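Throughout the sequence shown, residue numbering follows the numbering used here, covering 810 to 1263 in sequence. Here the structure comes first, spelled out in structure tokens, and everything after it is commentary.
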Amino acid sequence: MLDLTPKELSERSALRVNPAKTCQPVGAMYAALGVHKCMPHSHGSQGCCSFHRMYLTRHFKEPAIAASSSFTEGSSVFGGGSNVKTAVKNIFDMYNPDIIAIHTTCLSETIGDDLNAFIQDMDIPEGKIVVHTNTPSYVGSHITGFGNMISGFIKHLAKSSKQSNGKLNILPGFVNPGDMREMKKLADFMGASYIMLPDTSGVLDAPMTGSYEMYPKGGTKIEDIVSMGDSELTLALGELTCEAPANELKRKCGVPYSAMPLPIGIEATDAYVMALSHFTKNEVPYEIEEERGQLVDTMLDGHPYFHNKSVAIYGDPDTVLGITALVLEMGMIPKYVITGTPGETFVKKANELFEKAGVIGCKAKAAGDLFELHQWIKNDSVDLLIGGTHGKHIARAEDIPLIRAGFPIIDRYVHSYMPIVGYKGAMRLVELILTALMDRQDRDCKEEDMEMVM
Ligand code: SF4
């Protein structure tokens, strides 16, 4: 019998119930979709690949293309080398991408498949490219896989010619195409010349044209990824997501980087704009000042409704930290913040935000789950929930309004086109929060009126 203390017995250490994360390959697949004419390839069983594609498709409401090594019992025992070699040949023959980005799954990692050796041994057509990354899903989360795939592109492709291209690399973090557009808009306003990797705008928010395009216009071009090694600086937006790939580029090509929070809320967006200004040596134009001023105006207008309201925020680490910073700027109390992605840096950064704002009694947890969040809320409730779709059960059970923000959102539309980053994105979040709280107040008033009539 295990000798466990009552405290250890009451704590779940190995089991997650409704985790606020998904598996590594989902992030790797998303990153690969942000490269122009790239076919993501899942090295493992077909079930994993179908699940990952389904997950992305349900969030973005767009077809997420990917191929699979389609492991059978034989490949599970003897290795998936012949499967992936056949797959790569078929993919180039049938779907004609410029590049195939392979990521692994739990099964291929467990049996120890050596993707590097398999790729060396492949017949890759002239002018075509195959890159890979390792994404064992029993480590980290989709955020880890997203970062690993970006590192994979950098490792295989980025080169330093020792001549500056005068550009800025922007690693946008695990955000929606709408967010990437907003980050690019601010960079354009500031007159920056940049390379964004990955860039899913124009891919997972491509317009309806009446005909299916397997490779839409968007995505980072391969030559731009190669050129990233000649850039002058990398901005890693989302320190917990993008610092590792930025560091990979620094190690390989000597490009310095600055790791920053996702530009959600006033202070983080200011930091992004100032970093752009510092890089370009350009003054901040009136268009940006105007947007910032409008955001401050809306926050002041709505302040009586959200001041001191408590909120629980869950989801991906950098997104949760960004939304936490925004709600603190609004005068709200982020009572509970959790991410399913492991890593105590998240907790440290959340506690720094609480301390800076002078709020007390707030709790942060990494590698947490929504079951635990629900227990916290049952013991001491909140006024509002902010996070993805999987928190709707808490919202229903406890009758708390839920603002859908982050990933995944599978029961709403349009969200992936709308930014939550930048001043415009913050304004959108302020509107959503205000509407939810005012709707709730209206409902409560109506119920009180009914009681008085009766
Ligand atoms: S087996 Fe691993 S990679 Fe496949 S779906 Fe499950 S967790 Fe994800």
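A virtual CB, placed ideally from N, CA and C, is assigned to each residue, including glycine. Nothing here was measured: the structure is a model prediction, and the numbers come from that model.
Task: Through-space distance from residue 1152 to residue 1044, alpha-carbon basis - done: Looking up residue 1044 in the sequence shown gives position 235. Looking up residue 1152 in the sequence shown gives position 343. Using only the alpha carbons, I get a separation of about 21 angstroms.
Open item on the list: Just checking residue 834 against the ligand SF4 - is the residue's beta carbon closer than 8 angstroms to any of the ligand's heavy atoms?
Closed with: For this step, residue 834 is matched to residue 25 along the sequence shown. Indeed, a heavy atom of the ligand SF4 lies less than 8 angstroms from the Cβ.
Task: Per-residue DSSP class, three states only, for residue 1171 - done: Locating residue 1171 in the sequence shown gives position 362, counting from the first residue. Correct three-state label for residue 1171: coil.
Task: Of the residues 1055, 1032, 1233, the one placed nearest residue 1068, counting alpha carbons only - done: Residue mapping note: residue 1068 aligns to position 259 of the sequence shown, counting from 1. Of 1055, 1032, 1233, the residue nearest in Cα terms is 1055.
Open item on the list: I'd like to confirm something about residue 1066: is its beta-carbon nearer than 8 angstroms to some heavy atom of the ligand SF4, or not?
Closed with: Position 257 of the sequence shown, counting from 1, holds the residue named residue 1066. No, the beta carbon of residue 1066 sits no closer than 8 angstroms to any heavy atom of the ligand SF4.
TODO: List the endpoints of the continuous beta strand (DSSP E) containing residue 1124.
DONE: Sequence index remark: in the sequence shown, residue 1124 carries index 315 (1-based). Segment 1119-1124, the beta strand (DSSP E) holding residue 1124.
Open item on the list: To the nearest angstrom, how far is the alpha carbon of residue 980 from that of residue 955?
Closed with: Indexing the sequence shown from 1 puts residue 980 at position 171. Indexing the sequence shown from 1 puts residue 955 at position 146. C-alpha separation (whole angstroms): 11 angstroms.
TODO: State the start and end residues of the unbroken beta strand (DSSP E) segment that holds residue 938.
DONE: Along the sequence shown, one-based indexing puts residue 938 at 129. Counting along the chain, the beta strand (DSSP E) containing residue 938 begins and ends at 938-942.
TODO: Taking only the alpha-carbon atoms, compute the straight-line gap between residue 829 and residue 972 and give it to the nearest angstrom.
DONE: Numbered from 1 along the sequence shown, position 20 holds the residue referred to as residue 829. Numbered from 1 along the sequence shown, position 163 holds the residue referred to as residue 972. Straight-line Cα distance between these residues: approximately 43 angstroms.
Open item on the list: Is residue 1149 close to the ligand SF4? I mean its beta-carbon at under 8 angstroms from any heavy atom of the ligand.
Closed with: Residue numbering aside, residue 1149 sits at position 340 when the sequence shown is read from its first letter. No, the ligand SF4 has no heavy atom inside 8 angstroms of this Cβ.
- [ ] Might you give, ordered along the chain, the residues of its own chain that have their beta carbon closer than 6 angstroms to the beta carbon of residue 1171, omitting 5 neighbours on each side?
- [x] Locating residue 1171 in the sequence shown gives position 362, where the first residue counts as 1. Excluding sequence neighbours, residue 1171 sits near 1143, 1144, 1163.
- [ ] Output the distance between the C-alpha atoms of residue 1237 and residue 1231, rounded to the nearest integer angstrom.
- [x] Numbered from 1 along the sequence shown, position 428 holds the residue referred to as residue 1237. Numbered from 1 along the sequence shown, position 422 holds the residue referred to as residue 1231. Whole-angstrom Cα-Cα distance: 10 angstroms.
Task: Which listed residue (860, 1024, 898) has its alpha carbon closest to that of residue 927 - done: Here residue 927 refers to the residue found at position 118 of the sequence shown. When each option's Cα is compared against that of residue 927, the closest is 898.
Open item on the list: DSSP has residue 1196 in a bridge; who is on the other side?
Closed with: Start at 1 with the first residue of the sequence shown, and residue 1196 comes out as number 387. In DSSP, residue 1196 forms a bridge with 1213.
- [ ] For residue 1251, collect the residues of the same chain with a Cβ closer than 8 angstroms to its Cβ; drop the 5 residues on either side in sequence, then sort them by chain order.
- [x] Locating residue 1251 in the sequence shown gives position 442, counting from the first residue. Within the same chain, residue 1251 has no close Cβ partners at all.
TODO: Take residue 1200 as the anchor and find which of 1215, 1188, 1189 has the nearest alpha-carbon.
DONE: Taking the sequence shown and counting its residues from 1, one reaches residue 1200 at position 391. For the residues 1215, 1188, 1189, the minimum Cα distance to residue 1200 belongs to 1215.
Task: Residue interval of the beta strand (DSSP E) (run including residue 1116) - done: As a working note, residue 1116 is residue 307 in the sequence shown. Segment: none, residue 1116 is in no beta strand (DSSP E) and carries neither H nor E.
Open item on the list: Using only CA atoms, which one of 998, 1181, 837 lies nearest to residue 945?
Closed with: Here the question's residue 945 lines up with position 136 in the sequence shown. Closest option to residue 945, Cα to Cα, is 837.
Task: Contained beta strand (DSSP E) runs [length at least 3] in the region 995-1059, N- to C-terminal order - done: 1003-1005, 1042-1046
Open item on the list: Taking 8 angstroms as the cut-off, is the C-beta of residue 955 nearer than that to any heavy atom in the ligand SF4?
Closed with: Within the sequence shown, numbered from 1, the residue matching residue 955 stands at position 146. No, the beta carbon of residue 955 sits no closer than 8 angstroms to any heavy atom of the ligand SF4.
Task: chain B within 9 angstroms of residue 1154, Cβ atoms only - done: The displayed structure is made up of one protein chain only, and chain B is not part of it.
TODO: Take residue 856 as the anchor and find which of 1182, 1024, 914 has the nearest alpha-carbon.
DONE: Against the sequence shown, residue 856 aligns to sequence position 47. Among 1182, 1024, 914, the Cα nearest to that of residue 856 belongs to 914.
Open item on the list: I need the boundaries of the beta strand (DSSP E) containing residue 848, first residue and last residue.
Closed with: Here residue 848 is taken as the residue at index 39 of the sequence shown, counted from 1. Here the beta strand (DSSP E) through residue 848 covers 847-852.
TODO: Mind the definition here: the region 1193-1212 touches the region 948-962 only if three or more C-beta pairs lie below 8 angstroms; say whether that holds.
DONE: no
- [ ] Using only the heavy atoms of the ligand SF4, determine whether one of them is closer than 8 angstroms to the beta carbon of residue 847.
- [x] Mapped onto the sequence shown, residue 847 falls at position 38. No - the ligand SF4 has no heavy atom lying nearer than 8 angstroms to the Cβ of residue 847.
Open item on the list: Do residue 965 and residue 940 have their beta-carbon atoms positioned less than 9 angstroms apart in this structure?
Closed with: In the sequence shown, counting from the first residue as 1, residue 940 sits at position 131. In the sequence shown, counting from the first residue as 1, residue 965 sits at position 156. Closer than 9 angstroms, so yes.
TODO: Return the bridge partner residues of residue 844 from the DSSP annotation.
DONE: Position 35 of the sequence shown, counting from 1, holds the residue named residue 844. According to DSSP, which records beta bridges pairwise, residue 844 is partnered with 1029.
TODO: Report yes if the CB atom of residue 1042 is closer than 9 angstroms to the CB atom of residue 974, and no otherwise.
DONE: Residue numbering aside, residue 1042 sits at position 233 when the sequence shown is read from its first letter. Residue numbering aside, residue 974 sits at position 165 when the sequence shown is read from its first letter. No, the Cβ-Cβ distance between residue 1042 and residue 974 is not below 9 angstroms.
- [ ] Can you say whether residue 947 is buried or exposed, counting buried as having 16 or more other CB atoms within 10 angstroms of its CB?
- [x] In the sequence shown, the residue the question calls residue 947 occupies position 138. Exposed, because fewer than 16 other Cβ atoms sit within 10 Å of the Cβ of residue 947.
TODO: Check whether the Cβ atoms of residue 1037 and residue 1064 sit closer than 9 angstroms, and answer yes or no.
DONE: Position 228 of the sequence shown holds residue 1037. Position 255 of the sequence shown holds residue 1064. Yes, the pair counts as a contact, with Cβ atoms nearer than the cut-off.
Open item on the list: If you reduce the DSSP assignment to three classes, tell me which class residue 818 lands in.
Closed with: As a working mapping, residue 818 is identified with position 9 in the sequence shown. Residue placement at residue 818 is flagged as unreliable, the pLDDT there being 49, under the threshold of 50; the coordinate-derived value follows with that caveat. Note: residue 818 maps to helix in three-state DSSP.
- [ ] Please report how far the alpha carbon of residue 997 lies from the alpha carbon of residue 1078, in whole angstroms.
- [x] In the sequence shown, residue 997 corresponds to position 188, counting from 1. In the sequence shown, residue 1078 corresponds to position 269, counting from 1. Those two C-alpha atoms are separated by around 15 angstroms.
Task: Whole-Å CB distance - residue 1080 paired with residue 1035, under 8 angstroms assumed - done: Within the sequence shown, residue 1080 is the residue found at index 271, counting from 1. Within the sequence shown, residue 1035 is the residue found at index 226, counting from 1. In fact, because the Cβ distance is near 29 angstroms, the residues do not count as touching under 8 angstroms.
Open item on the list: Can you determine whether any heavy atom of the ligand FMN sits closer than 8 angstroms to the C-beta of residue 861, and answer yes or no?
Closed with: Among the ligands present in this structure, namely the ligand SF4, the ligand FMN is not found.
Open item on the list: Below 8 angstroms, how does it come out for the region 1001-1014 and the region 875-894: are there three or more Cβ pairs, yes or no?
Closed with: no
Task: residue 1024: CB within 8 angstroms of a non-hydrogen atom of the ligand SF4 - done: For the purposes of this step, residue 1024 is taken as the residue at position 215 of the sequence shown. No; taking the cut-off as 8 angstroms, the Cβ of residue 1024 has no heavy atom of the ligand SF4 nearer than that.
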